[in-house]
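The structure appears right after this line, and notes come after that.
And the structure:
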């Protein structure tokens with residue numbers, strides 16, 4: 697995004713060959729840039745439900761989106777009281793402990 701801000705006055709985001717949004721850098725950031733994205737990579741598909749439940753427990757207001765069979769992405773709003781604890785909460789994940 698930093699490169700776009702330096703080089704462009706307007707930009708478009710294309711997903712699967714279709715434009716999803718178009719506008720100034722500030723417009724795109726204001727409309728779609730709120731929150732955090734948490735990408736979880738699992739070793740086994742069986743861990744998927746456990747990962748989903750752990751994110752829901754740690755971040756109750758998270759909006760969960762599934763992009764691939766083995767990947768889940770959670771958008772956490774910046775006003776979420778738990779958002780300030782994101783780094784420590786991510787490293788305290790019981791799924792990664794032996």
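Residue numbers (the numbering used here): 697 to 794. From the three backbone atoms N, C-alpha and C, an ideal C-beta is built for every residue, glycine too. Computed from a predicted structure; not experimentally measured.
Check                                                                                                                                                                                   : Outcome
Can you look up residue 752 in the DSSP assignment and give me helix, strand or coil?                                                                                                   : helix
Identify the continuous beta strand (DSSP E) that holds residue 717 and give its terminal residues.                                                                                     : 714-719
Does the region 711-726 come into contact with the region 743-753, if we say contact requires no fewer than three beta-carbon pairs (one atom in each stretch) closer than 8 angstroms? : no
Report buried or exposed for residue 706, applying the criterion of at least 16 other Cβ atoms within 10 angstroms of its Cβ.                                                           : exposed
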